[in-house]
Amino acid sequence: MAKRVPFVCGNWKMHHGVEATRKQVRALVEGLARVQGKVEVAVAPVATTLFAACEAARGSGLKIAAQNVHWAEKGAFTGEWSAAHLVELGVSHAICGHSERRAMFGDDDVTVPKRVRAALDAGLIPIACVGETLAEREGNQTAVVVARQTGAILELIKADEVERLVLAYEPVWAIGTGKNATPTQAQEVHAQIRALLAKRYGAKAEAVRLQYGGSVKPDNAAELMREHDVDGALVGGAALEAASLLAIAEGGMQRA
Ligand code: PEP
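The numbering of the sequence shown is the working numbering, which starts it at 9 and goes up by one.
If you want it as structure tokens, here you go:
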């Protein structure tokens, strides 16, 4: 088994206000000892609660992620925030190109790589999302779509920084549907992504963590993360409660 520390990140999407965020972050911090040193855990709260989340997580091993980041340092971009703004708060990770942003807010193979680039430049860890729709899977286009989205991101990443990248394979048909990819389906795509990385970066590809996302729950997390190239999970619905996210993180301990 490759020596990659499993990485589980909760994505709270547009849930939890400040008080609920504080409560859940404190519960995560309290429970973190169960996986500390074996599985890395992060959570991505709503932007308006990031300050409170960072405050509640300070000094613990819990990482706070943003759900998005703009590529510019500053300027006339109403409704956006820069990587520097996130760093200032104590945020360490940024999700880039989540499928909901690709589907509803115009993110694409031009803007997602720019977000990843800005995150890296500011010292953040980007969690870059790729994945096919149901129609694309049924049309046997999974490999083509994942290669295109991944290739666009890697185009802007140099060999000496690729180990900081986290890639999340999130088949769109599995997100929020309760229908997860099987471990075999996930591993197949993760192996393809690993091969794309290896082609560009050689042995450094082995250090890049590949998360699976799409209806991960406490009862399927361990079997998914038992796969050789499934190095963690990006979790939506089942991450809203700290106890559930921690149970998922424990699923990653079997590969540690
Ligand atoms: C997600 O939003 O990234 C996600 C994977 O959601 P869910 O776990 O609810 O499918």
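Glycine included, every Cβ here is placed at the ideal spot set by N, Cα and C.
- The Cβ-Cβ distance between G186 and Q157 does not fall below 9 Å.
- Burial of A91 is indicated by the presence of at least 16 other C-beta atoms within 10 angstroms of its C-beta.
- Under the 10 Å beta carbon count, H101 is surrounded by 16 or more other beta carbons and is classified as buried.
- Secondary structure in the stretch 89–129: the beta strand (DSSP E) runs of 3 residues or longer, each lying completely within the stretch, are 101–104 in chain order.
- With distances taken between CA atoms, E38 lies nearest to R66 out of V13, R66, W20, A55.
- As far as DSSP is concerned, L204 takes part in no beta bridge.
- The three-state secondary structure of F59, taken from DSSP, is helix.
- Proximity of the beta carbon of S223 to the ligand PEP is indicated: a heavy atom of the ligand is located closer than 8 Å.
- When Cβ pairs closer than 8 Å are counted between the two stretches, the stretch 65–82 is seen not to touch the stretch 210–217, the count staying below three.
- V224: not part of any alpha helix (DSSP H); DSSP gives it neither H nor E.
- Sequence-distant partners of A80 (beyond 5 residues in either direction) whose C-beta falls short of 7 Å from its own C-beta, in its chain, are S90.
- Between the ligand PEP and the CB of C137, the shortest heavy atom gap is smaller than 8 Å.
- If you look at E27, you'll find it in the alpha helix (DSSP H) that goes 26–39.
- Residue environment for N19: buried (at least 16 other C-beta atoms within 10 angstroms of its C-beta).
- Each residue's CA atom was taken as its position, placing K207 and P53 some 35 Å apart.
- Note on geometry: alpha-carbon atoms of R263 and L232 lie some 10 Å from one another.
- Around the beta carbon of L142, fewer than 16 other beta carbons sit within 10 angstroms, so the residue counts as exposed.
- Assigned with DSSP and collapsed to three states, A189 falls in coil, not helix or strand.
- Annotation for G18: the continuous beta strand (DSSP E) segment containing it runs 15–19.
- Taken through DSSP and simplified to helix, strand or coil, R66 comes out as coil.
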